[in-house]
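In our numbering, the protein residues as written are 42 to 784.
The next block holds one structure in the form of structure tokens; read it before the comments.
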Ligand code: BGC
């Protein structure tokens with residue numbers, strides 16, 4: 042396990058303190074300035090401010106304060122940012138991590154809603170929900186005194202064992218970009234700056250501070266960068282956080298191809314580029330390349346940047362451009378005009394929304410002989426394992442939302458600096474209690490699963506056995522395998538041998554392999570379902586809610602089927618020695634982020650990310666991308682295509698079962714062979730709500746943008762002339778309707 046990649050974030054986790062309050066007072070604006078004129082555009086307002094600023098004031102907007110990790114705990118939870126400039130009425134930027142909720146409030150006794158993790162939310166395929174997800178985060182950020190979110194993770198899952206797979210939005214650029222874009226749009230609708238991260242190719246955590254991702258331009262543009270591009274088009278995100286790693290030999294935060302050519306020129310990004318924490322490695326080079334702000338310290342963009350401006354190495358125009366981007370973003374998202382006001386978050390409202398989202402995120406993977414929903418004929422249920430008596434797991438790292446009241450499952454004792462900062466935490470939402478509340482007539486027992494004999498005995502004596510299995514995942518620590526722990530696999534085997542009506546509930550942040558799949562009757566993927574996860578799960582298991590979620594990521598049969606069967610690790614001896622590091626060591630940044638020799642990660646699978654890999658390599662999978670069952674069934678018919686600048690794809694979906702349900706109808710395109718693409722790509726989808734027996738015609742626009750390929754020679758997107766096969770159905774491997782359209 043590689044832990045050196047761990048960010049300094051986790052020092053903050055340990056040492057949250059009052060610094061933010063001291064440094065970032067809310068800024069009332071009693072005075073009227075020329076830039077207070079609301080009829081001016083954000084750009085005009087920013088330019089007026091810049092005219093009045095001293096060099097020191099400008100520099101102060103381009104870096105963090107650096108030292109707060111080492112000060113005593115703060116109520117704001119260790120947020121970073123830039124200080125206010127009272128003379129000019131410029132408010133502080135107060136940032137907080139907020140991938141699936143606002144993080145790290147426990148030290149200050151603050152509550153924030155833990156939503157289902159991001160990959161879970163992507164399984165809803167519901168852009169409106171994504172918007173509401175972001176809006177809730179935006180509201181709670183404001184309530185807690187922040188005006189900028191660090192969330193919006195949209196790195197494509199090239200490596201499903203990546204420790205942040207749970208924090209990203211899956212393996213397809215259209216789905217991931219659409220979901221992340223809507224989350225950020227939601228955040229920004231609350232007058233909070235939103236960000237997208239980590240730009241780009243931060244697709245694994247092992248050695249993330251030193252790895253060099255090698256990938257060709259076409260593959261990069263059509264996959265990882267495409268997800269960012271789509272998310273940016275949807276959200277107009279105010280901030281892009283550049284990644285720790287190198288891309289084609291240059292650190293992402295001083296990579297002029299990524300930051301200037303692609304992001305600022307081709308994507309027309311108007312906001313500011315912020316370094317990941319400790320991801321800045323130079324002053325002049327990074328500034329020229331397009332980095333606008335260093336966080337969380339001032340090592341390169343403090344005094345050294347000032348000196349570079351004074352010596353002319355960085356021009357006034359370049360400096361002003363950085364400052365302009367920061368200020369125009371603050372104006373555009375309301376930091377001047379709608380200052381935040383601390384208040385108590387709407388806890389009950391948060392619970393309700395978290396539950397609703399979890400219900401849309403849970404994916405039913407197997408349901409043999411309709412073992413689910415649990416019928417009223419089920420008189421006894423054995424709940425086994427996974428701490429299901431008390432809690433559901435969460436994903437860890439900088440995105441960690443603290444469980445209100447503390448983790449019901451105590452973390453293992455820390456053994457070093459990193460394990461003290463990144464610790465498993467569980468949300469107090471008990472599947473056992475929720476199930477008892479939903480099925481009061483049934484006798485429901487709980488067995489921890491530590492002892493196989495008693496677990497099997499409990500399963501044997503019940504009508505149905507439900508085994509809870511989990512895989513903890515966290516930033517900075519990649520999974521070594523998609524296999525569950527051997528103990529959990531043995532437990533499932535033992536329970537399934539004792540009771541054929543065994544249902545496995547998975548609580549994972551990544552796909553899991555299932556050597557026992559043929560022996561169990563049901564499988565439900567619940568992910569990290571958040572503060573109301575258990576209640577949502579009980580509704581799904583008992584049928585009060587019909588599942589609608591579909592996988593945003595392929596579940597392969599084994600690690601051996603992945604593009605890189607072995608996780609790529611930094612070579613031994615290539616990382617700095619951190620064994621003597623302690624949390625309050627002021628040398629911490631220098632140790633963690635010292636310039637390291639690059640180790641190479643060759644993304645040779647190129648365009649073939651996720652399902653495109655398995656398709657192209659003809660590898661059978663356990664559960665395909667886009668797959669998910671319902672308690673009803675759907676039939677597809679009548680595909681017709683209308684050509685045009687934006688083609689229209691129409692078809693009919695019918696609910697052929699006995700229950701109301703929602704089908705996510707998916708549309709894929711196979712490009713002409715001369716395009717040199719993987720066999721198919723997602724080009725659209727629709728969530729269709731249907732009463733039993735009801736049919737609806739669905740019409741989806743498919744713009745040419747969805748069908749183009751990136752041509753490296755001309756540095757542009759091209760529609761390849763020829764025949765395009767449009768395929769429609771309920772998963773990437775179940776596409777009963779097909780028709781051809783020519784361009
Ligand atoms: C993570 C970022 C996070 C930052 C601040 C870094 O280690 O990669 O995602 O926003 O820490 O906590």
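Every residue gets a Cβ at the ideal spot worked out from N, C-alpha and C, and that includes glycine.
Only counting the same chain, and skipping five residues up and downstream in sequence, which positions put a Cβ closer than 6 angstroms to that of residue 500? Position 459 of the chain shown holds residue 500. 423, 506, 536, 539, 540.
If residue 253 sits next to residue 199, beta carbons under 8 angstroms apart, how far is it from one beta carbon to the other, in whole angstroms? Position 212 of the chain shown, counting from 1, holds the residue named residue 253. Position 158 of the chain shown, counting from 1, holds the residue named residue 199. In this structure residue 253 does not touch residue 199 by the C-beta definition: roughly 15 angstroms separates them, more than the 8 angstroms allowed.
Short Cβ contact (8 angstroms threshold) for residue 195 with residue 176: What you label residue 195 is simply residue 154 of the chain shown in a count that begins at 1. What you label residue 176 is simply residue 135 of the chain shown in a count that begins at 1. No, these two residues do not count as a Cβ contact at 8 angstroms.
With 8 angstroms as the threshold, decide whether the Cβ of residue 370 is near any Cβ in chain C. Checking the listed chains, one finds no chain C in this structure; it contains a single protein chain.
Figure out for me which residue from 476, 396, 470, 406 has the closest Cα to the Cα of residue 421. In the chain shown, the residue the question calls residue 421 occupies position 380. Nearest C-alpha to residue 421 among 476, 396, 470, 406: 476.
Tell me which same chain residues have a C-beta within less than 7 angstroms of the C-beta of residue 764, skipping the five on either side of it? As a first step, residue 764 is located in the chain shown; it is residue number 723 there, counting from the start. Cβ-Cβ distances below 7 angstroms link residue 764 to 713, 781, 783 in the same chain, with the five nearest sequence neighbours on each side left out; the list follows chain order.
Tell me where the alpha helix (DSSP H) around residue 598 begins and ends. Here residue 598 refers to the residue found at position 557 when the chain shown is read from its first residue. From DSSP, residue 598 is part of no alpha helix (DSSP H); its letter is neither H nor E.
Residues in the same chain with beta-carbon distance under 6 angstroms from residue 704, minus the five sequence neighbours each way, listed in chain order, please. Here the question's residue 704 lines up with position 663 in the chain shown. These residues qualify, in order along the chain: 675, 694, 729.
If we call anything under 8 angstroms between Cβ atoms a contact, is residue 345 one with residue 324? In the chain shown, counting from the first residue as 1, residue 345 sits at position 304. In the chain shown, counting from the first residue as 1, residue 324 sits at position 283. Closer than 8 angstroms, so yes.
Select from 584, 407, 368, 486 the residue whose C-alpha is nearest the C-alpha of residue 234. Mapped onto the chain shown, residue 234 falls at position 193. Taking only the C-alpha atoms, the option nearest residue 234 is 368.
Considering only the beta carbon of each residue, do residue 105 and residue 122 sit closer than 8 angstroms? If you number the chain shown from 1, residue 105 lands on position 64. If you number the chain shown from 1, residue 122 lands on position 81. Contact flag set, yes.
Hey, is the stretch 752-769 in contact with the stretch 651-668, meaning 3+ C-beta pairs nearer than 8 angstroms? No: fewer than three Cβ pairs fall under 8 angstroms.
Which residues mark the beginning and the end of the beta strand (DSSP E) in which residue 660 is found? Taking the chain shown and counting its residues from 1, the one referred to as residue 660 is at position 619. It is not in any beta strand (DSSP E) - residue 660 carries neither H nor E in the DSSP assignment.
Spatially closest choice to residue 708 from 647, 716, 697, 776, by CA coordinates: Taking the first residue of the chain shown as 1, we reach residue 708 at position 667. Looking at 647, 716, 697, 776, the one whose alpha-carbon comes closest to that of residue 708 is 776.
Which runs of the alpha helix (DSSP H) at least 4 residues long sit entirely within the stretch 262-289? Give them in chain order. Listed in chain order, they are 265-276.
Compute every distance between the C-beta of residue 316 and the non-hydrogen atoms of the ligand BGC, then say whether any falls below 7 angstroms. For the purposes of this step, residue 316 is identified with residue 275 of the chain shown, where counting begins at 1. For the ligand BGC, no non-hydrogen atom lies closer than 7 angstroms to the CB of residue 316.
So for residue 742, helix, strand or coil by DSSP? Against the chain shown, residue 742 aligns to sequence position 701. Assignment of residue 742 by DSSP, reduced to helix, strand and coil, places it in the strand class.
I think residue 445 touches residue 152, with their Cβ atoms under 8 angstroms apart; what is that distance to the nearest whole Å? Counting from one through the chain shown, the residue named residue 445 turns up at place 404. Counting from one through the chain shown, the residue named residue 152 turns up at place 111. Their Cβ separation, rounded to whole angstroms, is 5 angstroms, which keeps residue 445 and residue 152 in contact under 8 angstroms.
Quick check: the Cα distance between residue 463 and residue 193, rounded to an integer number of angstroms? On the chain shown, position 422 is the one that residue 463 refers to. On the chain shown, position 152 is the one that residue 193 refers to. Between residue 463 and residue 193, the C-alpha separation is close to 20 angstroms.
What residue range is occupied by the uninterrupted alpha helix (DSSP H) comprising residue 215? Sequence index remark: in the chain shown, residue 215 carries index 174 (1-based). Its alpha helix (DSSP H) spans residues 214-229.
Rounded distance between the beta-carbons of residue 533 and residue 508, thought under 8 angstroms: What you label residue 508 is simply residue 467 of the chain shown in a count that begins at 1. What you label residue 533 is simply residue 492 of the chain shown in a count that begins at 1. Right, their Cβ atoms sit about 5 angstroms apart.
Helix, strand or coil for residue 415, going by three-state DSSP, please let me know. As a first step, residue 415 must be located in the chain shown, where it is residue number 374. Three-state DSSP puts residue 415 in coil, outside helix and strand.
Taking the continuous beta strand (DSSP E) assigned at residue 673, which residues delimit it? Here residue 673 refers to the residue found at position 632 when the chain shown is read from its first residue. Neither: residue 673 is in no beta strand (DSSP E) and is coded neither H nor E.
What alpha helix (DSSP H) runs, 4 residues minimum, are completely inside the stretch 381-469? Counting only runs of 4+ residues, the alpha helix (DSSP H) found wholly inside the stretch 381-469 occupies 388-402, 458-462, in chain order.
In three-state terms, what does DSSP make of residue 191? As a working note, residue 191 is residue 150 in the chain shown. Correct three-state label for residue 191: strand.
Do the stretch 538-558 and the stretch 517-527 meet, that is, are 3 or more Cβ pairs less than 8 angstroms apart? With contact defined as three or more Cβ pairs closer than 8 angstroms, the stretch 538-558 and the stretch 517-527 are in contact.
Going straight from the alpha carbon of residue 145 to that of residue 467, what length do you get? Counting from one through the chain shown, the residue named residue 145 turns up at place 104. Counting from one through the chain shown, the residue named residue 467 turns up at place 426. Rounded to whole angstroms, residue 145 and residue 467 show a C-alpha spacing of 14 angstroms.
Going by Cα to Cα distance, which pick from 155, 124, 127, 740 is closest to residue 138? Taking the chain shown and counting its residues from 1, the one referred to as residue 138 is at position 97. Selected option, being the one with the closest Cα: 155.
Determine the contact status of residue 433 and residue 569, defining contact as a CB-CB distance below 8 angstroms. Translated into the one-based positions of the chain shown, residue 433 becomes position 392. Translated into the one-based positions of the chain shown, residue 569 becomes position 528. Yes, they are a contact pair.
In angstroms, rounded to a whole number, what distance separates the CA positions of residue 426 and residue 449? Counting from one through the chain shown, the residue named residue 426 turns up at place 385. Counting from one through the chain shown, the residue named residue 449 turns up at place 408. Going from the Cα of residue 426 to the Cα of residue 449 covers about 15 angstroms.
The beta strand (DSSP E) with residue 501 in it runs from where to where? Against the chain shown, residue 501 aligns to sequence position 460. Looking at the DSSP string, residue 501 is not in any beta strand (DSSP E); the run it does join, the alpha helix (DSSP H), is 493-501.
Taking Cβ to Cβ, would you say residue 273 is nearer than 8 angstroms to residue 237? The residue you call residue 273 lines up with position 232 of the chain shown. The residue you call residue 237 lines up with position 196 of the chain shown. Yes, the pair counts as a contact, with Cβ atoms nearer than the cut-off.
Where residue 390 falls, given that 16 or more other Cβ within 10 Å makes a residue buried: Counted from its first residue, the chain shown places residue 390 at position 349. Exposed, because fewer than 16 other Cβ atoms sit within 10 Å of the Cβ of residue 390.
So residue 90 is in the alpha helix (DSSP H); what residue range does that whole segment cover? Position 49 of the chain shown, counted from the start, is the residue given in the question as residue 90. Where residue 90 is concerned, the enclosing alpha helix (DSSP H) stretches over 83-93.
Taking Cβ to Cβ, would you say residue 382 is nearer than 8 angstroms to residue 564? To locate residue 382, count along the chain shown from 1; it is residue 341. To locate residue 564, count along the chain shown from 1; it is residue 523. With contacts defined as CB atoms closer than 8 angstroms, residue 382 and residue 564 fail to qualify as a contacting pair.
Does any heavy atom of the ligand BGC sit closer than 7 angstroms to the C-beta of residue 516? Taking the chain shown and counting its residues from 1, one reaches residue 516 at position 475. Checking every heavy atom of the ligand BGC against the Cβ of residue 516, one is found closer than 7 angstroms.
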